[in-house]
Amino acid sequence: MKISKKRKNQCIVVSIFIILYLFIPTFVTLNMTGTIDTLVPREDIDGRSIIVEYKNATQSVSVEKFITMVMAARFDISREVEVLKAESIMIRTDILRIMGDNLTIDSKDLGMEYYTTSIMRSKWKDDFNDNYELIKDCTSSTYGLAIKYQGKFIDARYTEVSGGTTLSGNDVLGEGHEYMIPVECEKDKESTDYVAVKTISNKEFAAAFEKNFDGLTMDKSNLENQVQIAARSTEGYVQKIQVGNVVMTGNTFAQILGINSPNFKLSFMDSGVKVNTVGVGEGMGMSMYTADYMAKNGAGYEEILKTFYNDISILCE
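Going by my numbering, the sequence shown runs without a break in its numbering and finishes at 317.
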């Protein structure tokens, strides 16, 4: 049966429309960003998704894709595979906990640093394929797994190097965090980052806090009488500290000064403030350094997670 000329023209018009519908978004993204990151297949964005920024554009990616992006930002090439698997489960757990019943969430609301494919390529260069495939394999092998305590997603906190013992979740965060128990991490003391010393000039010290708190002014010649540690844990972590007329957590203090952890001691000198820190990170949850040591000695991701998070279930969600 012959197809009429009119019918042929209609088919051509429909074909052109389909092509334009499929490819115009790609051309627009290229024009706006100058690059096109790996496109997300349709099946990957069904269900839960996260909105991420690609330069001047945004894109919706699946939870699993976003986990690889966060893993990339945290990636340490020396870390063992079983630790990377544990980390992927921790990230997935935090995403699902924060999302709650929502099917979509902006990445800004998750508060997680992530790398787009173009950033990964820029930072890793010739190692891009190897690093990306390793991360992707670790994420894929734990697909859907998340951590729950008494039926609820946990707050999967971690610290790079503890002060020798991780902190109690209940003591720091309050009731409901019983799963974060103190765990001895003697191996952390062998880390080259276990102890650090930093000297900050009086001017820089005062300026850092004046910048972060409106109305706060400090006498640069008399800092010692304007800084008071109000509470410290038995492990040495500063819980509350007063700077001028502002009371803040030890974590906030550490972040403002750019020091390794809230486990610190201050020495005030004429030339500046000497800060001695122990450990890297807030001291809670999994110690990544000890977890790596465990993996090197044969521990799998489940054993590692259950060492640092007590009485938990690792389930496929």
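Ideal placement from N, C-alpha and C gives every residue a C-beta, glycine not left out. Treat the numbers as computed from the prediction; the structure is a model and nothing was measured.
Exposure of residue i, with buried meaning 16 or more beta-carbon neighbours within 10 Å
i, result
"LYS85", "buried"
"LEU30", "Confidence in LEU30 is poor, its pLDDT being 41 and thus under 50, which makes the residue's placement too unreliable to answer from."
"ALA217", "Here the sequence assigns Thr to residue 217, which means Ala is not the residue at that position. Classification of THR217: exposed, given that the 10 Å Cβ count is below 16."
"ASN297", "exposed"
"GLY281", "buried"
"GLY164", "buried"
"GLY169", "buried"
Spatial distance of residue i from residue j (CA atoms)
i, j, result
"LEU103", "GLU186", "42 angstroms"
"SER162", "VAL195", "10 angstroms"
"GLU224", "MET269", "9 angstroms"
"GLY215", "LEU257", "18 angstroms"
"ILE304", "ASP292", "9 angstroms"
"SER141", "GLU64", "11 angstroms"
"ASP101", "GLU190", "43 angstroms"
"LYS306", "SER287", "12 angstroms"
"SER122", "THR290", "30 angstroms"
"PRO262", "SER107", "27 angstroms"
"THR93", "ASP155", "8 angstroms"
"ASP311", "ASP76", "28 angstroms"
"ASP127", "THR68", "16 angstroms"
"ASN184", "ARG48", "With the sequence shown as reference, residue 184 is identified as Glu, and Asn is not the correct amino acid for it. If I take the Cα positions, the gap works out to 37 angstroms."
"GLN255", "ALA299", "33 angstroms"
"LEU173", "GLY283", "12 angstroms"
"LEU96", "PHE153", "7 angstroms"
"SER313", "ILE98", "18 angstroms"
"ILE24", "ALA57", "The predicted model places ILE24 with a pLDDT of 47, which falls under 50 and marks its position as unreliable; any figure quoted below should be read in that light. About 14 angstroms."
"TYR143", "ASP137", "10 angstroms"
"TYR132", "LYS125", "11 angstroms"
"ALA231", "HIS177", "20 angstroms"
"GLU80", "PHE253", "32 angstroms"
"LYS203", "PHE66", "41 angstroms"
"LYS55", "LYS211", "28 angstroms"
"LEU315", "ILE229", "42 angstroms"
According to DSSP, residues forming a beta bridge with residue i
i, result
"VAL273", "ILE200, PHE268"
"LYS55", "Paired residue(s): none; LYS55 is not in a bridge."
"ASP106", "ILE51"
"ILE241", "ILE229, MET248"
"ILE314", "ILE147"
"LYS152", "TYR149"
"LEU167", "MET284"
"THR159", "SER287"
"TYR309", "MET180"
Nearest-angstrom beta carbon gap, residue j and residue i [assumed within contact, 8 angstroms]
i, j, result
"SER233", "ASP193", "Incorrect: roughly 20 angstroms between the Cβ atoms, too far for contact."
"ALA208", "LYS220", "Actually they do not touch by this definition, with Cβ atoms about 12 angstroms apart."
"TYR179", "TYR149", "4 angstroms"
"GLY250", "ILE259", "Actually they are not in contact, since the Cβ atoms of GLY250 and ILE259 sit about 10 angstroms apart, beyond 8 angstroms."
C-beta contact flag for residue i and residue j at 8 angstroms
i, j, result
"LEU110", "ILE50", "yes"
"GLY272", "ILE200", "yes"
"THR166", "PHE264", "no"
"GLY279", "THR139", "no"
"ALA295", "GLU82", "yes"
"VAL197", "ASN129", "no"
"LEU134", "ILE89", "no"
"VAL243", "VAL227", "yes"
"PHE213", "VAL247", "no"
"VAL61", "VAL70", "no"
"MET112", "ALA72", "no"
"GLY285", "ARG157", "yes"
Any non-hydrogen atom of the ligand FAD closer than 7 angstroms to residue i Cβ
i, result
"PRO262", "Of ligands this structure carries none, so the ligand FAD is not represented either."
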